[in-house]
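Going line by line, the protein sequences match chains A and B.
Using my numbering, read the first sequence as starting at 718 and increasing by one per residue.
Using my numbering, read the second sequence as starting at 321 and increasing by one per residue.
Even for Gly, the Cβ is constructed at its ideal location relative to N, Cα and C.
Quick caveat, the model's predicted, so the values are computed rather than measured.
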Amino acid sequence: MKFSSHPALDALAAEYVIGTLRGPARRRFERAIAAEPLVATRVTYWQSRMNLKPAGAGAVQPSASVWKRIERDLNLRSLAPPWYARVSLWRNWALAASAALVFVFATQWLRLSDPKSDPNAQLASIAILAGDDAAVRGTTVSALISKDGKRLALRSERAIVAGALRSYELWLLPEGGGAPISLAVLGSLDAEFTVPSQQVGRIARGAKLAVSVEPAGGSKTGAPTGPVILVGAVS
Amino acid sequence: MLDDIEVKRLILRTAAQDAEAFSLLYQRTSPTLMGVAMRITRRREMAEEVLHDAFVKVWNQAKSFDPLALQPVAWLTAIVRNRALDLVSSAEATRVESFDRHDDDENGNALERLLDWSDQSDAGESLDQSRAEHSLRDCLQELKPAERQAIALAYHHGMSHSELAEHLKKPIGTVKSWVRRGLDALRTCMDTCAGLAR
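1. I need the DSSP call for Asp423(B), collapsed to helix, strand or coil.
2. Considering Leu344(B), what are the terminal residues of the beta strand (DSSP E) in which it resides?
3. If we define contact as Cβ-Cβ less than 8 Å, is Trp379(B) a contact residue for chain A?
4. State yes or no: is the C-beta of Leu947(A) within less than 8 Å of the C-beta of Val878(A)?
5. From Leu840(A) to Asp865(A), what distance separates their C-alpha atoms?
6. Output needed for Arg922(A): all residues of its chain with C-beta closer than 7 Å, excluding positions within five of it in sequence on either side, in chain order.
7. Alpha carbons only, please: which of Leu345(B), Glu368(B), Ala389(B), Pro351(B) is nearest the one belonging to Tyr762(A)?
8. Answer yes or no: does any C-beta atom of chain B fall closer than 8 Å to that of Ala731(A)?
9. In or out: Glu874(A) buried (at least 16 other Cβ within 10 Å) or exposed?
10. Please go through the same chain and pick out, in chain order, the residues whose beta-carbon is closer than 7 Å to the beta-carbon of Pro913(A), but skip the five residues on each side of it.
11. Starting from Pro913(A) and walking both ways along the alpha helix (DSSP H), at which residues does that stretch end?
12. Over what stretch of residues does the beta strand (DSSP E) that includes Val858(A) continue unbroken?
13. Strictly below 8 Å CB to CB, what residues from chain B border Ala728(A)?
14. Quick check: the Cα distance between Leu371(B) and Lys377(B), rounded to an integer number of angstroms?
15. Taking Cβ-Cβ distances below 9 Å as the criterion, which residues of the segment 773 to 794 of chain A are in contact with chain B?
16. Would you identify the three-state DSSP class for Arg883(A), choosing helix, strand or coil?
17. For the alpha helix (DSSP H) that contains Pro786(A), what are its first and last residues?
18. So that I know if they touch, is there some Cβ in chain A lying closer than 8 Å to that of His481(B)?
Structure follows, in structure tokens:
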């Protein structure tokens with residue numbers, strides 16, 4: 718029988734919606750909802766009228782096993798995109814990476830701008846170099862070394878820059894008078910550089926530091942070849 | 321209170337087989353819908369069965385959800401109610417004594433609960449929706465008390481005709497005619513209200 722032409726169609730739709738239509742009659746009516754548009758229209762009418770939204774007060778938390786069963790029965794995990802295709806994953810990764818980068822830059826910048834933050838980077842004066850050469854007369858150049866002995870710096874009161882085709886070379890004159898050891902080739906006497914690893918720890922009391930004028934790029938022989946313009950004892 | 325706009329969005333994404341949206345939809349709505357199922361089934365295990373079956377159906381039928389015809393929460397509620405009613409029909413005998421313990425008195429507490437069920441000040445609610453709810457409220461008040469109570473118990477607690485007869489201690493023919501006459505009066509009233517409102 719067609720429910721569309723049933724004289725009590727509206728009453729049946731109403732009883733279906735409030736739930737008093739039961740058993741085989743309910744199932745027949747459900748099939749009619751799917752098959753007959755007029756029946757579906759009357760059901761929608763009653764559903765939209767009898768629509769009292771459930772309030773939060775009557776809520777009951779279902780146990781976790783319910784969702785696990787739904788997930789398993791619908792095989793939802795297989796539908797989840799592979800990890801490398803998840804937009805949220807990459808977005809989170811990008812955010813984390815950016816934050817890390819900012820952190821690294823910020824800490825590096827703080828370290829560079831504030832030497833006190835790294836005790837090894839603090840330089841302490843170990844020698845005052847002086848000489849009579851016209852280039853340096855009347856001025857002093859101080860030598861400073863880092864706590865771990867790996868960084869050395871020269872600071873001059875005024876700019877002393879090597880002339881054309883010339884370089885300055887800084888030498889370590891070991892205690893007891895061995896051959897001078899080259900520490901650095903410099904364009905100016907205001908510079909900071911890394912101490913050659915074999916000489917770390919040897920720039921100590923008793924040794925001397927000296928600066929000679931050499932051809933551009935430094936002495937070709939491994940020993941001072943030009944005039945020594947500055948010398949000072951390490952204290 | 322559930323936000324219809326968010327629930328609608330999640331249902332539409334579920335229709336596109338978006339498992340993440342479906343999981344969110346479950347998280348948002350399952351406690352409320354579990355409450356609906358509990359009031360009808362009166363048993364936790366059965367209500368969880370209902371919830372499981374209903375969400376399997378939501379996943380499979382989200383494509384047929386028509387946001388113009390029904391509010392999204394009403395759509396979900398209808399699926400849960402249908403499944404709950406299916407399950408309780410086959411277990412009616414075991415339900416009767418649990419109703420007797422229920423504290424609805426004969427003079428229409430069930431109606432108060434039915435009306436309390438709905439929160440009027442819902443931000444996500446459309447004008448049509450609140451108009452429908454108001455006319456339902458007003459029209460339920462117009463009914464004869466016995467008719468009103470029978471409809472409220474049937475809707476809210478999923479009572480069948482025979483359960484109503486037992487609960488209200490009246491012959492089944494009497495409660496059947498209360499329900500039918502009540503619904504008839506309700507439709508006449510709501511059509512009139514809707515006509516007046518427009």
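The structure says:
1. Position 103 of the second sequence holds residue 423(B). In this prediction, Asp423(B) scores a pLDDT of 44, lower than 50, which makes its location untrustworthy; no coordinate-derived value is stated.
2. In the second sequence, residue 344(B) corresponds to position 24, counting from 1. Note, Leu344(B): premise wrong, no beta strand (DSSP E); alpha helix (DSSP H) at 339 to 361.
3. For the purposes of this step, residue 379(B) is taken as the residue at position 59 of the second sequence. So yes, Trp379(B) belongs to the interface.
4. Position 230 of the first sequence, counted from the first residue, corresponds to residue 947(A). Position 161 of the first sequence, counted from the first residue, corresponds to residue 878(A). No, these two residues do not count as a Cβ contact at 8 Å.
5. As a position in the first sequence, residue 840(A) is number 123, starting the count at 1. As a position in the first sequence, residue 865(A) is number 148, starting the count at 1. The alpha-carbon atoms of Leu840(A) and Asp865(A) are separated by roughly 10 Å.
6. The sequence position of residue 922(A) within the first sequence is 205, counting from 1. Closer than 7 Å at the Cβ level, and outside the excluded window around Arg922(A), lie Val951, Ser952.
7. Reading the first sequence from its first residue, position 45 is the one you call residue 762(A). Checked all of Leu345(B), Glu368(B), Ala389(B), Pro351(B); the closest Cα to Tyr762(A) is Ala389(B).
8. Within the first sequence, residue 731(A) is the residue found at index 14, counting from 1. Ala731(A) counts as touching chain B.
9. Against the first sequence, residue 874(A) aligns to sequence position 157. So Glu874(A) ends up on the exposed side.
10. Locating residue 913(A) in the first sequence gives position 196, where the first residue counts as 1. Taken in chain order, the residues that qualify are Leu900.
11. In the first sequence, counting from the first residue as 1, residue 913(A) sits at position 196. From DSSP, Pro913(A) is part of no alpha helix (DSSP H); its letter is neither H nor E.
12. Your numbering for residue 858(A) matches position 141 in the first sequence. Note, Val858(A): beta strand (DSSP E), 858 to 863.
13. For the purposes of this step, residue 728(A) is identified with residue 11 of the first sequence, where counting begins at 1. Ordered by position in chain B, the residues that pass the 8 Å Cβ test against Ala728(A) are Arg500, Leu503, Asp504.
14. Position 51 of the second sequence holds residue 371(B). Position 57 of the second sequence holds residue 377(B). Roughly 10 Å between the two C-alpha positions.
15. Gly773, Ala774, Gly775, Ala776, Val777, Gln778, Pro779, Ser780, Ser782, Val783, Trp784, Arg786, Ile787, Glu788, Asp790, Leu791, Leu793, Arg794
16. One-based indexing of the first sequence puts residue 883(A) at position 166. In this structure, Arg883(A) counts as strand in the three-state DSSP scheme.
17. The residue given as residue 786(A) occupies position 69 in the first sequence. Note on residue identity: the sequence assigns Arg, not Pro, to residue 786(A). 781 to 790 is the extent of the alpha helix (DSSP H) around Arg786(A).
18. Position 161 of the second sequence, counted from the start, is the residue given in the question as residue 481(B). Yes, His481(B) counts as interfacial toward chain A.
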